[in-house]
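Novice:
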Amino acid sequence: MNYDVIVVGSGPGGYVTAIRASQLGMKTAVIEKAELGGVCLNWGCIPTKALLKSAQVFSYMQHAGEYGIQLNGSVQADFNGMIGRSREVAGGMSKGVTFLMKKN
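In our numbering, the protein residues as written are 24 to 127.
1) Judging by CA-CA distance, which residue of 126, 112, 81 is the nearest neighbour of residue 97?
2) Taking the alpha carbon of residue 114 as the point to measure from, which residue in 67, 56, 99 has its own alpha carbon closest?
3) Return the CA-CA distance between residue 76 and residue 110, expressed in angstroms with no decimal places.
4) What is the rounded straight-line gap between the Cα of residue 126 and the Cα of residue 120?
5) For residue 29, which beta-bridge partners are listed by DSSP?
6) Note down the Cα distance separating residue 108 from residue 94, rounded to an integer number of angstroms.
7) From residue 28 to residue 53, what distance separates their C-alpha atoms?
8) Check whether the Cβ of residue 48 lies closer than 8 Å to any Cβ atom in chain D.
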């Protein structure tokens with residue numbers, strides 16, 4: 024097969040380049056060894072930020088009294104739940120990239 028553009032990797036630079044090239048009428052291929060979206064979206068930046076947000080909310084709840092909020096009972100972290108949420112966030116964004124790639 025002949026392509027006008029071959030993009031290696033589907034991280035932020037890769038998928039944007041592939042979509043734009045396709046929009047401009049170029050026959051485009053993307054080479055990706057794992058899930059669309061690359062390392063940042065699937066394993067790095069995005070899941071990490073989701074975990075950091077969970078930690079921030081946990082901290083706010085531990086210190087709710089400082090904000091004039093009284094909680095009855097203890098605040099406990101559910102690490103499996105936090106990790107599950109981070110995977111859901113990353114998965115949702117990955118589905119968005121997949122949708123854009125199919126659309127273009």
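Ideal Cβ placement from N, Cα and C applies to all residues, glycine included. Owing to the predicted nature of the structure, the values given are computational and were not obtained by experimental measurement.
Specialist: So, from the data block:
1) When only C-alpha atoms are compared, the closest one is 81.
2) Measuring from the Cα of residue 114, the nearest candidate turns out to be 67.
3) Within the model, the alpha-carbon separation for residue 76 versus residue 110 is close to 13 Å.
4) Taking the straight line from one Cα to the other gives about 10 Å.
5) Checking the DSSP bridge columns, you'll see residue 29 partnered with 52.
6) Between residue 108 and residue 94, the alpha-carbon positions lie close to 23 Å from each other.
7) Approximately 9 Å, taken between the alpha carbons.
8) The structure shown contains no chain D; it holds only a single protein chain.
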